[in-house]
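Residue numbers (the numbering used here): 52 to 441. Glycine included, every Cβ here is placed at the ideal spot set by N, Cα and C. Let me begin by presenting the structure, written as structure tokens, before commenting on it.
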């Protein structure tokens, strides 16, 4: 009995010294956090969903208290049901919805489950418990454009695109701006396939662009299909230059892939999950670029440019307003270094920039804001045709 009466004042003493953990809403080391990830494609697509899953696995490795589950190949029309399943059956504390088309269902789920956290990738709608995040590749597309403009022999450059949303228009435009900086005579031709994961459609579009005279191809589609087409033609003696998208796709086209856009989601997922675990999370809009080491240049993680094409790029000269005349290779590496320092050092969307109808969109000396880039829906000069409205 005496021992019981002694314990209470002793506990108060330690509390005053701050030696006893207090319940302040922050998870302690014994707690687990369960995260659910919804992917629009299969994790084996070697593109968008594959890159997200590599980020998830990285976070699991870095965060011993993290448990995660995935649901892959979820149509955007079915995301509400899958979110409910992850919350109700899988008992997830946070759900990451990794496709633009999941936005409305994610926001609705935030209202239904106010005690859970939701993170929507590439969207713009937020609630108190719903945040948004994105790692953008437009800077890498610009650098790829410099390469494409320097390497093309036909001055016709193709782009196989998924859906006409601001993200893709931004990437097409950045690609075209890089091309124009290297080769004002070159133009970009776009074919829309209306699929994130559509290897057959992507191959068909790539073949059509090549038949129309394009010798250089970039794309937004979650497989190496376009690269495989480029490799097949290159092996047969017709050089087709291609650029990997989102993942290290160079092994699918060693004779075709010049470089590409790589995305590293790992650091971002670690930060978001750590903030949730530590109860320091807020519903901010996270947008990481080259400076944050989210966007990387290369067809694989070993080198920013395939060594096979380095000599060609070194032999091609480009005149610039700020750096004088230098080789395409040196300009690419210089711009990449500037991008790593931040958009205030160099950003592709710095005026003057006109659309392909001749209208001035960004004035000389001005830089497009993040809001401008997230809502961009016009082709810049050098892109052929109009943006589909359907």
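Q: For residue 231, count neighbouring C-beta atoms within 10 Å of its own C-beta (all shown protein chains included) and say buried if the count is 16 or more, exposed if not.
A: buried
Q: Check each candidate in 187, 365, 238 and name the one with the smallest Cα separation from residue 99.
A: 187
Q) Can you tell me whether residue 366 is buried or exposed, with buried defined as 16 or more other CB within 10 angstroms of its CB? A) exposed
Q) So what's residue 271 in DSSP terms, helix, strand or just coil? A) coil
Q. What is the rounded straight-line gap between the Cα of residue 431 and the Cα of residue 236?
A. 14 Å
Q) So, using beta-carbon positions, are residue 91 and residue 104 closer together than 9 Å? A) no
Q. Taking C-alpha atoms, which residue in 309, 370, 392 lies nearest to residue 382?
A. 370
Q. Residue range of the alpha helix (DSSP H) that residue 428 falls in?
A. Run containing residue 428: none; DSSP gives neither H nor E here.
Q: Taking only the alpha-carbon atoms, compute the straight-line gap between residue 309 and residue 391 and give it to the nearest angstrom.
A: 21 Å
**Q.** Endpoints, beta strand (DSSP E) assigned at residue 197
**A.** That residue, residue 197, is in no beta strand (DSSP E); its alpha helix (DSSP H) goes 189-202.
Q: Use the C-beta contact count for residue 441: other C-beta atoms within 10 angstroms, 16 or more gives buried, fewer gives exposed.
A: exposed
**Q.** Collapsed DSSP secondary structure at residue 70 in the structure displayed
**A.** Since pLDDT at residue 70 reaches only 41, below the 50 mark, its modelled position is unreliable, and no value is offered.
**Q.** Segments of 4+ residues assigned as alpha helix (DSSP H) that fall wholly inside the region 317-355
**A.** 317-328
Q: Between the Cα of residue 327 and those of 136, 146, 101, spot the shortest distance and give me the residue it belongs to.
A: 146
Q.
Taking contact to mean 3 or more Cβ pairs, one atom from each stretch, closer than 8 Å, check whether the region 273-290 and the region 301-320 are in contact.
A. yes
Q. What first and last residue would you give for the alpha helix (DSSP H) that runs through residue 100?
A. 99-113
Q.
My assumption, with CB atoms under 8 Å, is that residue 434 sits in contact with residue 269. Please give the rounded CB distance.
A. With 8 Å as the limit, residue 434 and residue 269 do not qualify as a contact, their Cβ atoms being about 12 Å apart.
**Q.** Close Cβ partners of residue 179 (< 7 Å) along its chain, the five nearest in sequence each way excluded
**A.** 334
Q) Taking all protein chains shown into account, do 16 or more other C-beta atoms lie within 10 angstroms of the C-beta of residue 372, making it buried, or fewer, making it exposed? A) exposed
(Q) By alpha-carbon positions, which one of 417, 151, 344, 209 ends up nearest to residue 256? (A) 209
Q.
Taking 8 Å as the cut-off, does the region 192-208 touch the region 164-177 (at least 3 CB pairs, one atom from each stretch)?
A. no
Q. With C-beta atoms as the reference, is residue 121 less than 9 Å away from residue 89?
A. yes
Q | Cβ-based burial, residue 183 [other Cβ within 10 Å; buried from 16] | A | buried
Q) With a CB to CB cut of under 8 Å and the five nearest residues on each side skipped, what residues in its chain are close to residue 141? A) 85, 87, 120
**Q.** residue 234 and residue 264 closer than 9 Å at C-beta
**A.** no
Q) Taking the C-alpha atoms as reference points, what is the distance between residue 425 and residue 313? A) 20 Å
Q: Please go through the same chain and pick out, in chain order, the residues whose beta-carbon is closer than 8 Å to the beta-carbon of residue 386, but skip the five residues on each side of it.
A: 193, 194, 197, 397
(Q) With DSSP as the reference, identify every bridge partner of residue 172, one or two as the case may be. (A) 184
Q) Taking the alpha carbon of residue 239 as the point to measure from, which residue in 118, 222, 344 has its own alpha carbon closest? A) 222
**Q.** Beta-bridge pairing of residue 86 - partner residues as DSSP gives them
**A.** 119, 145
Q.
For a test of the three-state rule: what should DSSP assign to residue 239, helix, strand or coil?
A. strand
Q.
Nearest by alpha-carbon distance to residue 379: which of 363, 254, 388, 393 is it?
A. 363
**Q.** Burial state of residue 126, where buried means 16 or more other Cβ atoms lie within 10 Å
**A.** exposed
Q: Could you tell me the boundaries of the alpha helix (DSSP H) in which residue 390 lies?
A: 379-392
Q. Per DSSP, residue 296 forms a beta bridge with which residues?
A. 312
**Q.** Residue environment, residue 400, which counts as buried when at least 16 other CB atoms sit within 10 Å
**A.** buried
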